[in-house]
Structures are given as structure tokens and as C-alpha cells.
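The sequence shown begins at 7 in the working numbering and counts up one residue at a time.
Scroll down for the structure; my scribbles are underneath it.
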Amino acid sequence: MLNIAIKAARRAGDIINQASRNLDILNISKKSRSDYVSEVDRAAEEAIIRIVHDTYPNHAILAEESGISGNEENTEYQWIIDPLDGTTNFLHGFPQYSVSIALKYKGQLNKAVVYNPNNNELFTASRGGGAYLNNQRIRVSKRTRLEDCLIGTGIPFRDFTHFEAYLMMFKDIIPHVAGIRRPGSAALDLSYVAAGRYDGFWEIGLAPWDMAAGSLIIQEAGGLIGDLEGNDSYLRSGQILAGNPKIFTQLLQIIQPHLSEALIENHRAALKH
Ligand code: 2AM
Ligand code: CA
């Protein structure tokens, strides 16, 4: 099943690479403010779904552009697909975007692929089988002092409900760390935590397809991932904190005082589901 996910991610990557050579002739539409979709997102998604369905016609699918498809009744196998994570970067020719494909089995993430078609980096994981970058085992960083750490984040761009709380976290984290980065593809950000390039990451307002694959890759690389209270509602709440175990705990302590009522309520509602 991981092989099918890899095949689908590479095919989508080929479509994206080809289109990146002719960005000026692309058809682009806006889903909402600051939220763009191009014909490339759609073509890449169709290619992925076709490859998955050719082999597993009975599986359920949740994909960013087409939503739920396939056999919705199948509660055992569900594919979670983001055909192009970082569309805004892609449209600007800014080479930081990826294809993200995860497979849930009986409600648990089981396989994951994040593929960067710009540099051919392929991050993969299978539950219990470890995490890999281009077939080499990866692990989260060993840094323990926050002041030595490089931390990734995502700045709100569409939904500003939690903007004030986010800015308070940002303000409080900056003086404690070596540096902050905001590259713009959450799936790659999470993979970078797994590879030890970042020591931690946080964001508010992500969708399940942004996080599903990256979160298994982090866990299989020995990292921790949770919502901003450290619990496991993140795939539903969209609030996410990740890191090596030591840094996860230290970031949690800085973030906790800034959790607004709205964020706590959002997280409680997600836990109830
Ligand atoms: P997308 O390209 O699949 O929509 C990071 O903040 C996440 O938000 C990205 O993974 C990206 O996923 C999404 N995103 C959408 N529009 C964005 C924008 N204008 N700036 C940054 N991230 C954006
Ligand atoms: Ca995305």
C-alpha cells in the first residue's frame, strides 16, 4: 500500500513539475480569501485518486479539492490526500510545496508519503516501521535547549479568529529560540520536524489533509505531535504542536498561557467527536 501511495505521489509530482514551467498560462481560481486552487491541484488530485482506485476500488477517499469519494461506507481504509500543499508558493514559483498522501486503517494513520517534487525528497512512514527520507531512516533532533532550536510555524492567512492568540504565542516564543521559519507547506514542515531540520513546529487552522501524512512521519521518527494542549484532537481541531519530545514539552509551556477561550472550546469540541 505504501508503494501505491509513492507511485501516486510521484505521478502528481510529475504533473506539478510540468506545470511549474508554464506558470503564466495556468487557470487559477479563488476558493476564498487567500485560498487559491489551480487546474494543477485538480489534475494532480485526479491522478492520485485514479492510481489509488485502480488498485483499491473499495477504499474511501478524503481529498482537499474533491472532498469525500470512493466507497464512503468503508470504515477500514481511508486515504487522506492533499495533491498540492503550498499552492500559494507554487503559484509564485516559490519552490516549497509538496504532495501529501496518508492512509488510515481502522481509524489510525498507517501509511504516509510527503513528496517534494522540486528536489525529489520523498518522506515516508509505515506504522511501526519507522520514518524515511529517500530510503534513509530519519529521526527527530536531539536538541534539548530551546535557545538552540529552529522552530517552524504557519502564520494565519485566511481565518483570523485566533490571530491575537497566535501573535501572543509568536511574541513569547521568539526570544526563547534560535530562529523561526514560515515556509508555507505544512506537510513539508511536519516532515522537516521528523528529519530533525526543525526542532518544533506549531500552527492553528490546518485541515486534516495538511497534517495526516506528516503526523505519522513525525511519530515514526520519534517525535511528539498534539494539539495546543498536548492532546490528540489535532486532526479534527486543526491546532497543532510538534517537536522532539523535550522541545514539545517546552513549547507547550510557553503556548499554554496564551490559549484563548475560543481555542480551548475549539479543542474541546474536537475531542468530543
Ligand atoms: P494548501 O496549499 O494545500 O492550501 C500552511 O499554513 C498551510 O496553509 C499550507 O499547508 C497551505 O496548504 C495552506 N495555505 C493556503 N493558502 C495559504 C496562504 N495564502 N499562505 C500560507 N499558507 C496557505
Ligand atoms: Ca494543504
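Note that CB positions come from ideal geometry on N, CA and C, so glycine has one too.
Note that this is a predicted model, so its numbers are computed, not measured.
Here's the rule I'm using: 16 or more other beta-carbon atoms within 10 Å means buried, otherwise exposed. How should residue i be labelled?
{"i": "Ile31", "result": "exposed"}
{"i": "Gly220", "result": "buried"}
{"i": "Ile246", "result": "buried"}
{"i": "Leu277", "result": "exposed"}
{"i": "Gln84", "result": "buried"}
{"i": "Ile295", "result": "Residue 295 is absent from the model: the chain starts at 7 and stops at 279."}
{"i": "Gly153", "result": "Checking the sequence, you will find Glu at residue 153 rather than Gly. The residue is exposed, with fewer than 16 neighbouring Cβ atoms inside 10 Å."}
{"i": "Asp60", "result": "exposed"}
{"i": "Leu318", "result": "No answer is possible for residue 318: the residues shown for the chain start at 7 and end at 279."}
{"i": "Pro181", "result": "exposed"}
{"i": "Phe163", "result": "exposed"}
{"i": "Pro123", "result": "buried"}
{"i": "Glu271", "result": "exposed"}
{"i": "Thr93", "result": "buried"}
{"i": "Ile86", "result": "buried"}
{"i": "Asn23", "result": "exposed"}
{"i": "Ile74", "result": "exposed"}
{"i": "His98", "result": "exposed"}
{"i": "Ile144", "result": "buried"}
{"i": "Asn116", "result": "buried"}
{"i": "Gly134", "result": "exposed"}
{"i": "Ala218", "result": "buried"}
{"i": "Ala268", "result": "exposed"}
In angstroms, rounded to a whole number, what distance separates the CA positions of residue i and residue j?
{"i": "Ala53", "j": "Asp47", "result": "10 Å"}
{"i": "Ile281", "j": "Thr255", "result": "Only positions 7 to 279 of the chain appear in this structure, which leaves residue 281 out of reach."}
{"i": "Ser266", "j": "Gly236", "result": "15 Å"}
{"i": "Ile21", "j": "Gln114", "result": "30 Å"}
{"i": "Lys36", "j": "Asp178", "result": "34 Å"}
{"i": "Glu226", "j": "Ala15", "result": "20 Å"}
{"i": "Glu45", "j": "Val105", "result": "15 Å"}
{"i": "Gly249", "j": "Ala184", "result": "15 Å"}
{"i": "Ser72", "j": "Leu8", "result": "22 Å"}
{"i": "Ala118", "j": "Asn126", "result": "16 Å"}
{"i": "His279", "j": "Phe166", "result": "24 Å"}
{"i": "Ala131", "j": "Asp88", "result": "16 Å"}
{"i": "Lys112", "j": "Glu79", "result": "12 Å"}
{"i": "His168", "j": "Thr159", "result": "14 Å"}
{"i": "Arg149", "j": "Cys155", "result": "7 Å"}
{"i": "Ala200", "j": "Asn33", "result": "34 Å"}
{"i": "Ser26", "j": "Ala18", "result": "12 Å"}
{"i": "Arg151", "j": "Ala171", "result": "24 Å"}
{"i": "Leu128", "j": "Tyr121", "result": "5 Å"}
{"i": "Val58", "j": "Ala11", "result": "7 Å"}
{"i": "Ile146", "j": "Asn64", "result": "Note on residue identity: the sequence assigns Val, not Ile, to residue 146. Each residue's Cα considered, the two are about 35 Å apart."}
{"i": "Phe96", "j": "Asp238", "result": "31 Å"}
{"i": "Asn77", "j": "Lys110", "result": "14 Å"}
{"i": "Asn140", "j": "Glu51", "result": "23 Å"}
{"i": "Asp91", "j": "Tyr62", "result": "24 Å"}
{"i": "Ile261", "j": "Lys13", "result": "39 Å"}
{"i": "Asn28", "j": "Arg274", "result": "45 Å"}
{"i": "Ala69", "j": "Trp208", "result": "23 Å"}
{"i": "Arg203", "j": "Ala193", "result": "14 Å"}
{"i": "Arg187", "j": "Trp215", "result": "21 Å"}
{"i": "Gly190", "j": "Leu196", "result": "11 Å"}
{"i": "Pro251", "j": "Ala213", "result": "24 Å"}
Please name the residue or residues paired with residue i in a DSSP beta bridge.
{"i": "Arg56", "result": "Paired residues: none, contrary to the question."}
{"i": "Val199", "result": "None, per the DSSP bridge assignment."}
{"i": "Thr159", "result": "Trp208"}
{"i": "Ser35", "result": "Val43"}
{"i": "Ala69", "result": "Gly73 and Ile87"}
{"i": "Leu139", "result": "Phe129 and Gln142"}
{"i": "Gly185", "result": "Leu156"}
For ligand 3, I want to know if residue i counts as a neighbour, meaning its beta carbon is within less than 6 Å of at least one of the ligand's heavy atoms.
{"i": "Phe163", "result": "Ligand 3 is absent from the structure shown, which contains only ligand 1 and ligand 2."}
> For ligand 2, which residues count as neighbours when the test is a C-beta closer than 5 Å to any heavy atom?
Replying inline: Spelled out in chain order, the answer is Asp88, Asp91 and Asp216.
> What runs of the beta strand (DSSP E), each 3 residues or longer, lie entirely inside the stretch 206 to 257?
Replying inline: With a minimum length of 3 residues, the continuous beta strand (DSSP E) runs that stay inside the stretch 206 to 257 are 206 to 209, 230 to 232 and 246 to 249.
> Can you list, in chain order, the stretches of the alpha helix (DSSP H) that have 4 or more residues and sit fully within the stretch 72 to 137?
Replying inline: The stretch 72 to 137 contains these whole alpha helix (DSSP H) runs: 93 to 97.
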